Amino acid sequence: ISKFTIKIILPLILILFVLTASAQDSTNKVSAILTKKAFGPYKMGGGRISGEQFKQEIYIVPAAIPFYKKAKTSEIICLSSFAPMAMLAFFGNPNKYPSRDSLGRFRLRGYYVGLLLSEASLIYFFFRSNKFYKKTIRARNSHLKTIY
Numbered sequence: 002i003s004k005f006t007i008k009i010i011l012p013l014i015l016i017l018f019v020l021t022a023s024a025q026d027s028t029n030k031v032s033a034i035l036t037k038k039a040f041g042p043y044k045m046g047g048g049r050i051s052g053e054q055f056k057q058e059i060y061i062v063p064a065a066i067p068f069y070k071k072a073k074t075s076e077i078i079c080l081s082s083f084a085p086m087a088m089l090a091f092f093g094n095p096n097k098y099p100s101r102d103s104l105g106r107f108r109l110r111g112y113y114v115g116l117l118l119s120e121a122s123l124i125y126f127f128f129r130s131n132k133f134y135k136k137t138i139r140a141r142n143s144h145l146k147t148i149y
């Protein structure tokens, strides 16, 4: 395969992978169910809802509130670990203070350690927040199914 075909086919595959199907089954539509796609907004009954409306819907069901609070706490920690990572990545100079600590042929610098720790905490708390948001939506939707 030539480089030219790869340059054409790869973006097309990525575009087709990102696009969602536009056809929907509207015959069996439940209006009170909350959904969320991977990188999309929250939806209820096919329509978008804001973050404040989502919070109001969650606080209707008492079983979903602890999951929502854990998700918000993890989200705040995730966002707060982004600032040190960005500061170290953009403004830090790893060659300014050479270190005598070495591990084999690699030199360990506090710069790299701080950058890796803040990046690891950002990734961990991002996925933890998403996990708890999914549990929140699942708890809320399962409670509403028992009502109807």
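Quick note, the sequence shown lines up with residues 2 to 149 if you use my numbering.
Note that the Cβ used here is the ideal one computed from N, Cα and C, for glycine as well.
What you are looking at is a predicted structure, and each value in this text was computed from that prediction instead of being measured.
{"Check": "Under 8 Å, do residue 79 and residue 126 count as touching if we go by C-beta distance?", "Outcome": "yes"}
{"Check": "Is the CB-CB distance between residue 76 and residue 130 below 8 Å?", "Outcome": "yes"}
{"Check": "Apply the 10 Å Cβ neighbour rule to residue 49 and answer buried if 16 or more other Cβ atoms are within range, or exposed otherwise.", "Outcome": "exposed"}
{"Check": "Taking three-plus beta-carbon pairs below 8 Å as touching, is the region 135-144 in contact with the region 57-72?", "Outcome": "yes"}
{"Check": "Of the choices 117, 5, 70, whose alpha-carbon is the least far from that of residue 86?", "Outcome": "117"}
{"Check": "Looking only at its own chain, which residues have a Cβ that is under 6 Å from the Cβ of residue 136, when we skip the five neighbours before and after it?", "Outcome": "68"}
{"Check": "Assign residue 59 to one of two classes, buried (16 or more other C-beta atoms within 10 Å of its C-beta) or exposed (fewer than that).", "Outcome": "buried"}
{"Check": "Considering only DSSP beta bridges, list what residue 35 is partnered with.", "Outcome": "45"}
{"Check": "If you follow the alpha helix (DSSP H) that residue 59 is part of, which residue opens it and which one closes it?", "Outcome": "52-59"}
{"Check": "For residue 120, which residues from the same chain have a beta carbon less than 7 Å from its beta carbon, with the 5 sequence-adjacent residues on both sides left out?", "Outcome": "86"}
{"Check": "When you compare only the Cα positions, how much space is there between residue 9 and residue 17?", "Outcome": "13 Å"}
{"Check": "Please identify the residue among 128, 124, 89 whose C-alpha is closest to the C-alpha of residue 112.", "Outcome": "89"}
{"Check": "Taking buried to mean at least 16 other C-beta atoms within 10 Å of its own C-beta, is residue 5 buried or exposed?", "Outcome": "exposed"}
{"Check": "Please list, in chain order, all residues of the same chain as residue 33 whose beta carbon is under 6 Å from its beta carbon, the five residues on each side excluded.", "Outcome": "145"}
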